[in-house]
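Position one of the sequence shown corresponds to residue 3 (my numbering), numbered consecutively onward. Here is the structure we will look at, set down as structure tokens.
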Amino acid sequence: MFLIGLIILGSTIVFVACYPENKKQDYPYEFPNKIVEKQFALWYEKQDKNKITEYQNYVEKYVKRVPSIFELTYNQTNNLKNCEKYQFNIPPKEYWKNIIGTLQMVEKLQENGLFEQYRIISSYHPDLESACFSHSPISPHMHNQSIDIQVLDENHQPYMNKTLIMNKMCLFWRKEGRELRMGLGIYDQDIFHIDTLGHRTWGTGHSLQRSPCYTFK
């Protein structure tokens, strides 16, 4: 469970985040920036902590690398006004099971050596203010069926040769994606949408023709 303390220094309130050790989390996690970290702390303070713990414990039963509650609830938004209030969401309990196959797919990709590490940059969001997200109007994110990840090297940094990583992902999708019902969206050479809703691919604008895998040789 993620814990938050408040320290009052003069007239300034400082949020102190405490991360209990999770035996399955053997990777360092960093927030994208201090602004997002503070926004998450403010959001978390208002949530039902029992529900948060229950959700993460549910996910833990099915995966080897347990995402932080930040990753399980975060959606990277664009810069439109007021979008920040939609960037953290806990899915309804009936949607919890939907994310498991996708998380297991990402673990399979990692175990097959397609990338060393990854971080989740988009998970569940409800059908609210869709303009805040770079997702399709019928995005599987709305039912907790998909995640977007940024793949990272062994030092948890973006890869220098992003084209090589993208080609490896496309090759895997070509060879094994149909059997695994793997959906692969490519929004940048190291940012991928992953789901298990069917063998398909797309690129920017959710277009098949813009997917590098469509023309991959």
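C-beta atoms are modelled at their ideal positions from N, C-alpha and C, and glycine is treated no differently.
In the three-state DSSP reduction, V153 falls in the strand class (E or B).
Taking the C-beta atoms as reference points, G185 is found nearer than 9 angstroms to T203. Approximately 5 angstroms separates the beta-carbon atoms of M168 and Q191; this is inside 8 angstroms, confirming the contact. Note: D192 is not bridge-paired with any residue in the DSSP secondary-structure output. Bounds of the beta strand (DSSP E) holding R202 are R202 to W204. Between Y64 and Q106, the C-beta spacing is below 9 angstroms. The three-state secondary structure of G207, taken from DSSP, is helix.
Per the coordinates, the alpha-carbon of K51 lies some 44 angstroms from the alpha-carbon of Y216. By the criterion of a C-beta distance shorter than 6 angstroms, R121 is surrounded in its chain by Q152, once the five residues flanking it on both sides are discounted.
Contact between P93 and N146 holds: CB atoms are separated by about 4 angstroms, below the 8 angstroms threshold. The C-alpha of E62 is placed about 25 angstroms away from the C-alpha of Q41. In the structure shown, R176 adopts helical secondary structure according to DSSP, grouped into three states.
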